[in-house]
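Working notes, beginning with the structure itself.
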Amino acid sequence: MDLTLLRLNTVIETKKPHPCGGKLWRIVRTGADYKIACLTCGRVVMLTPDELKKRIRRIAEAGQ
Ligand SMILES: [Zn+2]
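Residues in the sequence shown are numbered consecutively from -16, following the numbering used here.
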């Protein structure tokens, strides 16, 4: 997964679902750390770029 594809507002699908059942997340912050918000429950999680890359199954919707 190329980090340059993970722009703000990109929607990603994770390999493992969130405990709420949701698999789609929106990238709400980029940089040294990434923040992703669960589209189902709204919970925000902070991840390092490496952690984020490992969790992604696919890009569901390209960002800006
Ligand atoms: Zn959730």
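Just so you know, even glycine gets a beta-carbon here, dropped at the ideal spot from N, CA and C.
Note that the structure is predicted; figures quoted are calculated from it, not measured.
Environment of residue i [buried if 16+ CB atoms lie within 10 Å]
{"i": "Thr31", "result": "exposed"}
{"i": "Leu(-9)", "result": "exposed"}
{"i": "Cys21", "result": "buried"}
{"i": "Leu(-14)", "result": "exposed"}
{"i": "Leu(-12)", "result": "exposed"}
Nearest-angstrom Cα separation, counted from residue j out to residue i
{"i": "Lys36", "j": "Leu7", "result": "14 Å"}
{"i": "His1", "j": "Met29", "result": "14 Å"}
{"i": "Val(-6)", "j": "Ala15", "result": "19 Å"}
{"i": "Arg9", "j": "Lys(-1)", "result": "15 Å"}
{"i": "Met(-16)", "j": "Gly5", "result": "21 Å"}
{"i": "Thr23", "j": "Glu(-4)", "result": "12 Å"}
beta-carbon residue i near ligand 1 non-hydrogen atom, thresh 6 Å
{"i": "Arg26", "result": "yes"}
{"i": "Arg31", "result": "It is worth fixing the name first, because residue 31 is Thr in this sequence and not Arg. Thr31 Cβ: outside cutoff for every heavy atom of ligand 1."}
{"i": "Thr23", "result": "yes"}
Beta-bridge pairing of residue i - partner residues as DSSP gives them
{"i": "Lys18", "result": "Arg12 and Met29"}
{"i": "Glu(-4)", "result": "Leu7 and Arg41"}
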